[in-house]
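The structure under discussion appears below in the form of structure tokens.
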Ligand SMILES: [Zn+2]
Ligand SMILES: [Zn+2]
């Protein structure tokens, strides 16, 4: 793994390694959805092609579509089948801890619409008579099975839907008044 | 073989019942995590006359990790290497479990329509692309005629 990480400028040092022989570095991509990149998103019709099939409303689909297009316009990392690519994303400092999971707002099933599904496992929340659901502080509709959210967040610190970076527990108090502004803030 | 997660079953059903225009993804009968993909080149791109074959595999940890996708048809593109590997961040560090097979395939198709030779992972094709874009586009068109299936 160390070769791969070094080659791609991933690891303790964020120093970019010069590209050689078609293998480059990835450090630029780590901040791919920064406002600077988003502003370079190609405008117009191609956006509408991106049907995400999410059931959480067009607003969210639009967000991810923007990111996808941004990602496309930025290119991306080299695809390598010979390595377990995901190993390098398992750095422990990126994930959230048990205290964070405990701090997440639990959602009562009465607040769930019939047919609403978990964006991670695609199961209908209400199929389980006693669903254990949490809402991430980034958006009022970003609700997941606790188990699904935990699987993702123990190794990542971003919301699966909007990629907002999640704060550690102390700062993670949701601010109802600012909810509407969250999305705009994300796009800077 | 371990049973297939419900999410994969749902995604597959929707890929069949409500296919993405210009993209066909069919799972292998003996391995429902392995898909044969046919992708039409986007119009107004040098790939527009062709249909490209890809393979897509859903690893055991999917959707916590991205699908593995690779072009099987030879293609001349600055972000796709000789082995068909695709330089696309949503397949790597920008993967999210809220993305799906269909969104990944759409973003690959969009990449065909928007080559990015300024990608720091630039390979020889990207160099050619930057030096003489119209010549590179011509080469991409020729390769499409030579290697891809006709639309
Ligand atoms: Zn779930
Ligand atoms: Zn979110």
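Protein chains in written order, with the UniProt record's numbering: chain A, 1 to 188; chain B, 1 to 151.
Glycine residues also receive a C-beta, built at the ideal position from the N, C-alpha and C atoms.
Asked	Found
Those residues which DSSP pairs with residue 55(B) across a bridge	36(B), 70(B)
Residue 76(B) beta carbon less than 9 Å from that of residue 136(B)	yes
Cα-Cα separation, residue 149(B) to residue 28(B)	21 Å
Interface positions of the UniProt domain "RING-type" (118-163) of chain A facing chain B (Cβ-Cβ less than 7 Å), listed along the chain	119, 120, 121, 122, 123, 151, 152, 160, 161, 163
Three-state secondary structure (DSSP) of residue 107(A)	strand
Cβ neighbours of residue 89(A) in the same chain (closer than 8 Å, five flanking residues each side left out)	Unreliable positioning characterises residue 89(A) in this predicted model, as indicated by a pLDDT of 48, which lies under 50. The coordinate reading is nonetheless provided below. Result list for residue 89(A): 155, 156, in chain order.
Residue 155(B) at chain A interface by Cβ criterion, 9 Å	Because chain B is modelled from 1 through 151, residue 155(B) falls outside the range shown and cannot be assessed.
Contact set for residue 12(B): own chain, Cβ-Cβ below 6 Å, skip 5 residues either direction	27
Any non-hydrogen atom of ligand 1 within 8 Å of residue 49(B) CB	no
Cutoff 9 Å: residue 64(B) Cβ touching any chain A Cβ	yes
Pick from 96(B), 31(B), 103(B) that is closest to residue 14(B), judged by C-alpha positions	103(B)
Per-residue burial, residue 138(B) [other beta carbons within 10 Å of its own, 16 or more giving buried]	exposed
Cα-Cα separation, residue 115(B) to residue 24(B)	22 Å
Integer Cβ distance of residue 49(B) from residue 113(B), believed to fall under 8 Å	That belief does not hold up - the Cβ atoms of residue 49(B) and residue 113(B) are roughly 14 Å apart, past 8 Å.
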